[in-house]
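Step one of this worksheet: look at the structure below.
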């Protein structure tokens, strides 16, 4: 037990007199670290890294779960590009992501702005607005959504009161996807809470100074609030995009029961569902694996673009407190 | 003058509350709608604009006691509770161990492994489900709860590891240094000092694990194939599938019953939930 002296790797922490003397020998620490990490290490090898390699391999094979996989090179990927339903699922998912995410974030930010000033009943409001986020992904809410947007149901009837007659949303290929989008926008609670945390960090003096300079409400929002919360906006955008690309349960439930085929005219054929259908119903595991990797590429691409562009619009403050 | 100012302020506050409640009414409408609908006869659920039933009936609930496809509802509930409870224990155990290592132990390769852990957050689950399914099929574990639980005991939920790491990093280092001087090893520090101080993070993780596991649909859909092993989510799906003529009354009642544990959990722990979500950026 020879106490080690200063550690170069520890430079990030403010040096306190105490911490130097008590650092234990590296070997013991290594052993302890790996022991504590054992479950995680097994998990990541068995359930993440291993499966990733296998799925990469399967993407280049023809495999039905029973016969051994047959190597077919890039055939699955070539087939994907000629598969009309795959293109449909790509389009449906992109529409869902590109329309749903901005609307959801806008709703989240609007409500967060509404709730940011301390008022009576603040806790109640925050929780109540958050509630849909918790139950939104359940089968129950999918069923409720289906019922509310059904032919002749409440949404249809209320809208005809205003002279806007769409008919049943879920039976109409043009309106089925908006039904799904409303469900995702409705779950704005999680990004809202994160926006709230971000808004609280904006120093009040900035607003006071701007007000004295005669800046209006909108001007203050654009020149102070938005830049100050841009890191939070970036974080929310990233999470929501990744999350939305993987939509599954609500699409499946809204699309309908029994022999599910992706809703009217495949208008609800989201990527996740088509992958499930190919893999687990048609037992085309190789094809589904290829689909999964295309999804991963897509998400990777979007993430990379976001990180690249963040320099232009995300402002990190040195002192966020 | 000051009187008119407070009157103005009060008026603005009232307007704010009225506005916020109006928005809330629209947002919580579907929840109220299910509650009202579950007490209406089936033919009045879809078409009616009324939220509350004119004469409430309990038939919908009584029909549920017959069960779904010869399986009593209580079976689905027991299964879901078992899975959700088992998941909570697993996540608390495995994720806190991993988090302690990342947050409080300085070992070689820590930063690289931490980056690896964080990057799994970006991984779409679709990439993993096919090989995982094949793995569990080869191990003859389909139609058991092992595939649904194993990941929870192996800290596969990077979200929770991350949340706990963030929390543990905030604990003063002097605590473990003092314990170290008293001759405590990492296991004692973890168990006697860090874990008790991490209660807020543990509670948040437990609540989210319970609710996500309760709402999980694709996991049980993949791995369970006998109705008496089904969870509530699958029971609900079974319920929609078996009825060619939609039994809206039963469906709405069952939907509400299925939501009940989540709603109760939410009401009991809402304060932790909203704060936990804010500090960690967790998704609901």
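Residue numbers (this note's numbering), protein chains in the order written: chain A, 18 to 338; chain B, 16 to 299. C-beta: ideal position from N, C-alpha, C; glycine also. Since we're looking at a predicted model, the values are computed, not measured.
> Between the segment 258 to 275 of chain A and chain B, which residues of the former have CB atoms less than 7 Å from a CB of the latter, in chain order?
Replying inline: 259, 260, 262, 263, 265, 266, 274, 275
> So is residue 225 (chain A) buried or exposed if we call it buried at 16+ other beta carbons inside 10 Å?
Replying inline: exposed
> On the three-state DSSP scale, how would you describe residue 73 (chain B)?
Replying inline: coil
> Looking only at its own chain, which residues have a Cβ that is under 7 Å from the Cβ of residue 221 (chain B), when we skip the five neighbours before and after it?
Replying inline: 103, 107
> Considering residue 66 (chain B), what are the terminal residues of the alpha helix (DSSP H) in which it resides?
Replying inline: Here residue 66 (chain B) belongs to no alpha helix (DSSP H), and DSSP marks it neither H nor E.
> Relative to the alpha-carbon of residue 343 (chain A), which residue among B:34, B:265, B:27 has its alpha-carbon at the smallest distance?
Replying inline: With chain A running from 18 to 338 in the structure shown, residue 343 (chain A) is simply not present.
>> Is residue 318 (chain A) close to chain B? Criterion is C-beta to C-beta, closer than 7 Å.
In response: no
>> Please give the ranges of any alpha helix (DSSP H) in the segment 59 to 130 of chain A, keeping only runs that are unbroken, at least 4 residues long and fully inside the region.
In response: 67 to 75, 92 to 99
> With burial defined as no fewer than 16 other Cβ atoms inside 10 Å of the residue's Cβ, what is the status of residue 333 (chain A): buried or exposed?
Replying inline: exposed
> For residue 142 (chain B) versus residue 72 (chain A), is the C-beta spacing smaller than 7 Å?
Replying inline: yes
>> Looking at residue 293 (chain A): is its Cβ nearer than 7 Å to the Cβ of residue 110 (chain A)?
In response: no
> Which class does residue 10 (chain A) belong to by DSSP, given the choice of helix, strand or coil?
Replying inline: Residue 10 (chain A) lies beyond the range of chain A shown here (18 to 338); nothing can be said about it.
>> Can you tell me whether residue 257 (chain A) is buried or exposed? The criterion is at least 16 other CB atoms within 10 Å of its CB, across all chains shown.
In response: buried
> Helix, strand or coil: which one does DSSP assign to residue 331 (chain A)?
Replying inline: coil
> Is it the case that the Cβ atoms of residue 247 (chain B) and residue 95 (chain B) are separated by a distance below 7 Å?
Replying inline: yes
>> Taking the alpha carbon of residue 312 (chain A) as the reference point, which residue from A:97, A:229, A:48, A:330 has its own alpha carbon closest?
In response: A:97
> Is any beta-carbon of chain A found at less than 7 Å from that of residue 116 (chain B)?
Replying inline: yes
> DSSP on residue 204 (chain B), reduced to helix/strand/coil?
Replying inline: helix
> Does the beta carbon of residue 103 (chain B) come closer than 7 Å to any beta carbon on chain A?
Replying inline: no
> Which residues bound the alpha helix (DSSP H) around residue 230 (chain B)?
Replying inline: 214 to 230
> In chain order, what residues of the segment 223 to 244 of chain A put their CB closer than 8 Å to some CB of chain B?
Replying inline: none
> Name the chain B residues whose beta carbon is nearer than 7 Å to that of residue 46 (chain A)?
Replying inline: 120, 121, 122
>> Just verifying my parser: in three-state terms, what is the DSSP assignment at residue 40 (chain A)?
In response: The pLDDT assigned to residue 40 (chain A) is 49, lower than 50, so where the model puts this residue is not dependable, and the model offers no usable value.
> Out of curiosity, what's the CA-to-CA distance linking residue 259 (chain A) and residue 246 (chain A)?
Replying inline: 20 Å
> Where does residue 328 (chain A) land, buried or exposed, given buried means 16+ other C-beta within 10 angstroms?
Replying inline: exposed
> Which two residues bound the contiguous alpha helix (DSSP H) that contains residue 244 (chain A)?
Replying inline: 243 to 262
>> Helix, strand or coil for residue 316 (chain A)? Go by DSSP, reduced to three states.
In response: helix
> So what does DSSP say about residue 209 (chain B), is it helix, strand or coil?
Replying inline: helix
> Out of curiosity, what's the CA-to-CA distance linking residue 68 (chain A) and residue 300 (chain A)?
Replying inline: 18 Å
>> Please identify, using Cβ separations under 8 Å, the residues of the segment 289 to 315 of chain A that lie next to chain B, in order along the chain.
In response: 289, 292, 293, 296, 297, 302, 305, 306, 308, 309, 310, 312, 313
> What does residue 285 (chain B) reach in chain A if we use C-beta pairs closer than 7 Å?
Replying inline: 144
>> Which residue wins for smallest C-alpha separation from residue 319 (chain A), given the options B:74, B:170, B:137?
In response: B:137
> For the segment 72 to 101 of chain A, which residues have a CB atom closer than 8 Å to at least one CB atom of chain B, in sequence order?
Replying inline: 72, 75, 82
> Which of helix, strand or coil does DSSP assign to residue 83 (chain B)?
Replying inline: strand
> residue 162 (chain B) lies in the alpha helix (DSSP H); which residues open and close that run?
Replying inline: 161 to 168
> When burial is assigned at 16 or more other CB atoms within 10 Å of the CB, is residue 180 (chain B) buried or exposed?
Replying inline: buried
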